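Below: the structure, in structure tokens.
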Amino acid sequence: MLDPGRIPAPRFPDVRLRTPINWTAVAFLAALGSLHLAIAIPAAMHGRWEGSLSFGFAAAFLFCAWIARGWAVETALLASCRHIRVRTGTRRWYMEQQIDFESVSAVRLTLSGTCDRDARIEILTQTATLEFPPTPIPCQQALFLAMMLDVPLVKVSHGEARPTRDAAANVPLQNQSE
Numbered sequence: 025m026l027d028p029g030r031i032p033a034p035r036f037p038d039v040r041l042r043t044p045i046n047w048t049a050v051a052f053l054a055a056l057g058s059l060h061l062a063i064a065i066p067a068a069m070h071g072r073w074e075g076s077l078s079f080g081f082a083a084a085f086l087f088c089a090w091i092a093r094g095w096a097v098e099t100a101l102l103a104s105c106r107h108i109r110v111r112t113g114t115r116r117w118y119m120e121q122q123i124d125f126e127s128v129s130a131v132r133l134t135l136s137g138t139c140d141r142d143a144r145i146e147i148l149t150q151t152a153t154l155e156f157p158p159t160p161i162p163c164q165q166a167l168f169l170a171m172m173l174d175v176p177l178v179k180v181s182h183g184e185a186r187p188t189r190d191a192a193a194n195v196p197l198q199n200q201s202e
């Protein structure tokens, strides 16, 4: 039987967030590789040795485009294990970092003031700051993360800086150039 004075801690599911593919980088690197390939093929057909350098550049840029297509950052909040796992890389080759829930000090939500798609969610730890992928619902996600980690939610707004006046500050400034 539950103690009526004690509220049980809520149970949260494991959450995995993954950054989307950066199609701008993929398209740029593929276009650069295609450009070098377009230079290398006619040069090789005319028997010029300069084309081999462009073949090398084309292969390097096309390989980088292929890697960028699979590159992602996955942030997993594993409530069952009480730690955060951050994987950076491709599905096979990645670097992994694990952070315990106890080392998290706060969740910071930075709003731009114009729209929610420019908002940033960060987890502040003792050693690093983890940034989350963009989301269409940043306020709700930041609140969920703060509740899941049992830390305070810090909200930062980047709005227009307007001076505020209260009744006590309504005194004119005096010239102090005497």
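In the numbering used here, each residue's number is its place in the sequence shown (first place is 1) plus 24. For each residue, glycine too, the CB sits at the ideal point set by N, CA and C. From a predicted model like this one, the values you see are computed outputs, not experimental measurements.
How would you write the range of the alpha helix (DSSP H) that residue i sits in, first residue to last?
i   : result
I91 : 75–94
H60 : 47–69
Taking buried to mean at least 16 other C-beta atoms within 10 Å of its own C-beta, is residue i buried or exposed?
i    : result
L133 : buried
G71  : exposed
I45  : exposed
W95  : buried
A170 : buried
What is the DSSP secondary structure of residue i, counted as helix, strand or coil?
i    : result
S136 : coil
Q165 : helix
D142 : helix
A193 : Below a pLDDT of 50, predicted positions are generally treated as unreliable, and A193, at 43, falls in that range; no measurement from the model is reported.
S181 : strand
S129 : strand
T149 : strand
T99  : strand
E202 : Residue placement at E202 is poorly supported in this model, since its pLDDT is 37, which falls under 50; the coordinates still yield a value, given next. If DSSP states are grouped into helix, strand and coil, E202 belongs with coil.
Can you find the residues in the same chain that come closer than 7 Å, C-beta to C-beta, to residue i, ignoring five residues on each side of it along the sequence?
i    : result
H60  : S78, F81, A82, F85
F87  : none
I123 : H107, I108, T149
P162 : L133, D140, A143, I145
A175 : Here residue 175 is Val; the residue named in the question, Ala, does not match the sequence. Result list for V175: V128, S129, A130, V131, in chain order.
Rounded to whole angstroms, how far is the Cβ of residue i from the Cβ of residue j, which I believe are closer than 8 Å?
i    : j    : result
V128 : Q121 : Their Cβ separation, rounded to whole angstroms, is 13 Å, which puts V128 and Q121 out of contact at 8 Å.
A166 : L177 : 6 Å
F36  : A103 : 4 Å
Could you tell me the boundaries of the beta strand (DSSP E) in which residue i lies?
i    : result
R109 : 107–113
D124 : 118–124
T153 : 153–155
V175 : Taken as a continuous stretch (DSSP letters only), V175 belongs to no beta strand (DSSP E), as it is neither H nor E.
A42  : The question names Ala, but residue 42 is Arg in the sequence shown. Counting along the chain, the beta strand (DSSP E) containing R42 begins and ends at 39–42.
Leaving aside the five residues before and after residue i along the sequence, list all residues of the same chain whose C-beta is less than 6 Å from its C-beta, in chain order.
i    : result
I63  : S78
V50  : A89, A92, R93
A100 : R40, R109
V97  : T43, T112
F125 : R106, L173
A68  : G75
Only counting the same chain, and skipping five residues up and downstream in sequence, which positions put a Cβ closer than 8 Å to that of residue i?
i   : result
L53 : F85, L86, C88, A89, A92
Should residue i be flagged as near chain B, meaning a C-beta pair shorter than 9 Å?
i   : result
F85 : In the displayed structure, chain B is absent; only one protein chain is listed.
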